[in-house]
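Asks:
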Amino acid sequence: MAIQESRGSKLGKNLKKVLGLKTPVAPAKASTVRPTPMFDARKAGQAATVKQLEHAARQNMFMHFTRHSQFESSAIPIITRAEGHHFWDQNGKKYFDGISSLFSVNIGHGRERLAEAAAKQMKQLDYFPIWSNLHAPAIELSERILSYAPKSLSRVFYTTGGGEANETAWKLAKQYFKMTGKPMKHKVISRMTAYHGTSHGALSLTGIAAMKKQFEPLVPSTFRVPNTNWYRAQDDFENEEAFADWAASRVEEMILFEDPDTVAAFILEPVQNSGGCFTSPKSYFKKVREICDKYDVLIIADETIDGFGRIGTMFASELYEFEPDMLVCAKGITSAYQPLGALMVAEKLFEPFKKGTAIFPHGYTFAGHPVACAVALENLDIFEEEDLVGNVRRNAPAFRKTLEKLKDLPIVGDVRGEGYFYAIELVKDKNTRETFNDAESEKLLRGFLSTDLYDAGLYCRSDDRGDPVVQLAPPLTIGQTEFDELEQTLRASLSKAWNLF
Ligand SMILES: Cc1ncc(COP(=O)(O)O)c(C=O)c1O
93 MAIQESRGSK
103 LGKNLKKVLG
113 LKTPVAPAKA
123 STVRPTPMFD
133 ARKAGQAATV
143 KQLEHAARQN
153 MFMHFTRHSQ
163 FESSAIPIIT
173 RAEGHHFWDQ
183 NGKKYFDGIS
193 SLFSVNIGHG
203 RERLAEAAAK
213 QMKQLDYFPI
223 WSNLHAPAIE
233 LSERILSYAP
243 KSLSRVFYTT
253 GGGEANETAW
263 KLAKQYFKMT
273 GKPMKHKVIS
283 RMTAYHGTSH
293 GALSLTGIAA
303 MKKQFEPLVP
313 STFRVPNTNW
323 YRAQDDFENE
333 EAFADWAASR
343 VEEMILFEDP
353 DTVAAFILEP
363 VQNSGGCFTS
373 PKSYFKKVRE
383 ICDKYDVLII
393 ADETIDGFGR
403 IGTMFASELY
413 EFEPDMLVCA
423 KGITSAYQPL
433 GALMVAEKLF
443 EPFKKGTAIF
453 PHGYTFAGHP
463 VACAVALENL
473 DIFEEEDLVG
483 NVRRNAPAFR
493 KTLEKLKDLP
503 IVGDVRGEGY
513 FYAIELVKDK
523 NTRETFNDAE
533 SEKLLRGFLS
543 TDLYDAGLYC
553 RSDDRGDPVV
563 QLAPPLTIGQ
573 TEFDELEQTL
583 RASLSKAWNL
593 F
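Going by this note's numbering, the first residue of the sequence shown is number 93, and it counts up by one from there.
(1) Can you tell me whether Glu532 is helix, strand or coil according to DSSP?
(2) Compute the minimum distance between the beta carbon of Ile397 and the heavy atoms of ligand 1, and state whether it is under 7 Å.
(3) Rounded to the nearest angstrom, what separates Ala438 and Asp189 at their Cα positions?
(4) Under 8 Å between the Cβ atoms of Val596 and Leu568?
(5) Say yes only if the C-beta of Asn365 is nearer than 7 Å to one or more non-hydrogen atoms of ligand 1, and no if none qualify.
(6) Excluding five sequence neighbours on each side, which residues of the same chain lie with their C-beta closer than 8 Å to the C-beta of Lys102?
(7) If distances are taken between C-alpha atoms only, which option among Thr581, Asp351, Tyr323, Gln216 comes closest to Phe370?
(8) Assuming Glu478 and Leu206 make a contact with CB atoms under 8 Å, what is their CB distance in whole Å?
(9) Tell me, please, whether the segment 282-294 touches the segment 245-258 by the rule of three or more beta-carbon pairs shorter than 8 Å.
(10) For the segment 164-209, list the alpha helix (DSSP H) runs that are entirely contained and at least 4 residues long, ordered along the chain.
(11) Classify Ala140 as helix, strand or coil using the three-state DSSP reduction.
(12) Going straight from the alpha carbon of Val125 to that of Ser165, what length do you get?
(13) Going by alpha carbons, who is nearest to Thr282 out of Leu411, Ala356, Ile451?
(14) Who does Ser554 pair with in a DSSP beta bridge?
(15) How do the segment 217-226 and the segment 569-576 stand: do at least 3 beta-carbon pairs fall below 8 Å, yes or no?
(16) What do you reckon, are the CB atoms on Ala340 and Tyr387 nearer than 8 Å?
(17) His288: beta carbon under 7 Å from a heavy atom of ligand 1?
(18) Compute the beta-carbon to beta-carbon distance between Thr314 and Lys279, rounded to the nearest angstrom, for a pair I have assumed lies under 8 Å.
(19) I'd like to confirm something about Asn258: is its beta-carbon nearer than 7 Å to some heavy atom of ligand 1, or not?
(20) Relative to ligand 1, is the shortest distance from any of its heavy atoms to the C-beta of Asp555 smaller than 7 Å?
(21) Can you name the start and end residues of the beta strand (DSSP E) that Phe593 belongs to?
(22) Which residue comes first and which comes last in the beta strand (DSSP E) that contains Ile451?
(23) If you measure between the beta carbons of Tyr250 and Leu432, is that distance less than 8 Å?
(24) Going by Cα to Cα distance, which pick from Thr426, Lys522, Asp559, Gly549 is closest to Leu536?
(25) Can you tell me which of the three DSSP states Gly424 falls into?
(26) So, are the CB atoms of Val467 and Ala209 less than 8 Å apart?
(27) Tell me, to the nearest whole angstrom, how far the beta carbon of Glu517 is from that of Gly505; I am working on the premise that it is less than 8 Å.
(28) Any idea what DSSP makes of Ile474, helix, strand or coil?
(29) Determine, using beta carbons only, whether Ile403 and Gly539 come nearer to each other than 8 Å.
(30) Confirm the yes/no value for this check: CB of Asp394, any heavy atom of ligand 1, distance under 7 Å.
(31) For Thr581, collect the residues of the same chain with a Cβ closer than 8 Å to its Cβ; drop the 5 residues on either side in sequence, then sort them by chain order.
(32) Identify, in the order they occur along the chain, each residue of the same chain with its Cβ nearer than 8 Å to the Cβ of Ala94, setting aside the five sequence neighbours on each side.
(33) Pull up the CB-CB distance for Ile170 and Leu145, whole angstroms please, since I reckon it's below 8 Å.
(34) I'd like the list of long-range same chain contacts for Gly100, defined as Cβ closer than 6 Å, with 5 residues on each side in sequence excluded.
(35) Ile191 and Gln430 look like a contact to me (Cβ under 8 Å); what is the Cβ gap, rounded to whole Å?
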């Protein structure tokens, strides 16, 4: 067995003594000092060059959700600046940010006011945790986001993103039921193909097997019910309401199957991103609410993407006239200028923590960071001043209509979504709605579309976590000129894609 030399420390020597090992005569020579050209440049007051960045990116970086092998023969894109709905790479090439970077930059890039708000806050109070203390930006922001939220919600628990907020929601649901005499209620029902984050708990709620299998076994006690993929269900039901009624009934079936005494919550995105912008009629939410009330099951609305104007109301729950017990938001809360997430909860969930020694033993160092909260407030001021939610509401029908023009292409099976959030589902046969098999989907999406669209200057998502889709979620500032540009770029790439088969 090799014992790692701990740099000649006492501990290392003692360990060897105990194990009866001899100290090697010549300790391994330390490798030569690493070159640090960018640090050297920085010390000389110079910026790193593109060449240095590209080299170090290959040497040092471990990117998120990235197939690194794709960069064996091409440069890693390095984004150098952004403004409005555009960004630029290291070669000065300009791109249309068709998914608000990661469904996040709702007000568009390059707003100096947010930078100024951050600087002002840093100068006054750079950081303080919200553990038994508070600061003004966190308090002010809680009032602000609750003012946009369903009336059922009255308390804010900050996180640094959506996954942490989902994690928090599950932990809170478990503790709440333990404190209120239903200690066995701990299971959570979620929907097929839904994405709720990457930490063990949030990933357990996720309904995408391919994303989970590397990490199994995950947290037990989560169960999946169908989502509301109407495009794939319409042959079997009279209308969308009938399908939604069936889908909602699956929640009741699962609660009963698992035993209501053990089920704590049902989590759903009002418009489900993964799988491609699945919407539901209002009747779905009404029925799900009734079912969950009947069995004392909490509803968690994951509005990580849907929130902050994305679908034409501040929160999607408003559009669907739906009152969850907990609402998760992130991304658009700061338009991604700072990392922040929040879980808003109904007063009944806070009630047990009001007395005695009760505590929710959960939190994050950077959650509710004063700079992030100050930036969020400024971001929301811009929402108000520019009526961005109104802009989405007014323009959404035109956006949809423009994208629906793509339906004349043989590869486009469906265009669906809400507000400024759309998916274009790609099919092999639009009459039968036959989809591409795994190999074809690989060739279509990773092998062609992602690169072709990016080369054409459009950043959007081509994905097959469900069936193959291209997704758009642009900044909420754009209008008809940009809808047309998006349609034309997509038309060119999708036409070429059809010729692959
Ligand atoms: C619906 C939904 N929930 C949760 C998450 C995870 O959020 P984060 O990456 O901020 O943890 C995402 C991320 O895209 C999401 O779309």
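A virtual CB, placed ideally from N, CA and C, is assigned to each residue, including glycine.
Replies: The relevant details are as follows:
(1) Residue state, collapsed to three classes: helix.
(2) Distances from the CB of Ile397 to the heavy atoms of ligand 1 include at least one below 7 Å.
(3) In a straight line, the C-alpha of Ala438 is about 36 Å away from that of Asp189.
(4) Summary: the structure shown does not reach residue 596, with the chain confined to residues 93 through 593, and so no result is reported for it.
(5) Flag set: Cβ of Asn365 near ligand 1.
(6) Note on Lys102: pLDDT 42, under 50, position unreliable in the model; no value is reported.
(7) Nearest C-alpha to Phe370: Tyr323.
(8) The Cβ separation is near 13 Å, so there is no contact.
(9) Touching, per the Cβ criterion.
(10) Runs of the alpha helix (DSSP H) lying entirely within the segment 164-209, each at least 4 residues long, are 192-195 in chain order.
(11) Taken through DSSP and simplified to helix, strand or coil, Ala140 comes out as coil.
(12) So the alpha carbons of these two residues sit roughly 29 Å apart.
(13) One point to set straight first is that residue 282 is Ser, not Thr, in the sequence displayed. When only C-alpha atoms are compared, the closest one is Ala356.
(14) In DSSP, Ser554 forms a bridge with Val562.
(15) Taking a cut-off of 8 Å on C-beta distances, the segment 217-226 does not touch the segment 569-576, as fewer than three cross pairs fall below it.
(16) Cβ distance not < 8 Å, so Ala340 and Tyr387 don't count as in contact.
(17) Distances from the CB of His288 to the heavy atoms of ligand 1 include at least one below 7 Å.
(18) The Cβ separation is near 7 Å, so the contact holds.
(19) Indeed, a heavy atom of ligand 1 lies less than 7 Å from the Cβ.
(20) Look at Asp555: its beta carbon is at least 7 Å from all of the heavy atoms in ligand 1.
(21) Counting along the chain, Phe593 falls outside any beta strand (DSSP E), and DSSP gives it neither H nor E.
(22) Note, Ile451: premise wrong, no beta strand (DSSP E); not H, not E.
(23) For Tyr250 and Leu432, yes; Cβs fall inside 8 Å.
(24) Ranking Thr426, Lys522, Asp559, Gly549 by CA distance to the CA of Leu536 puts Asp559 first.
(25) Residue state, collapsed to three classes: helix.
(26) Their beta carbons are under 8 Å apart, which means Val467 touches Ala209 by this criterion.
(27) With a Cβ gap of about 5 Å, Glu517 and Gly505 count as contacting.
(28) Helix.
(29) A distance of 8 Å or more separates the beta carbons of Ile403 and Gly539.
(30) Yes, the beta carbon of Asp394 sits closer than 7 Å to at least one heavy atom of ligand 1.
(31) Phe188, Leu545, Ala548, Gly549, Leu550, listed in sequence order.
(32) Legend: pLDDT at Ala94 = 33, less than 50; position of this residue unreliable, value from coordinates given subsequently. Taken in chain order, the list of residues that qualify is empty.
(33) The Cβ separation is near 6 Å, so the contact holds.
(34) Bear in mind that the predicted position of Gly100 carries a pLDDT of just 35, short of 50, making it unreliable; the figure below should be weighed with that in mind. Closer than 6 Å at Cβ, skipping near neighbours: no residue.
(35) No, Ile191 and Gln430 are not in contact; Cβ-Cβ is about 19 Å, not under 8 Å.
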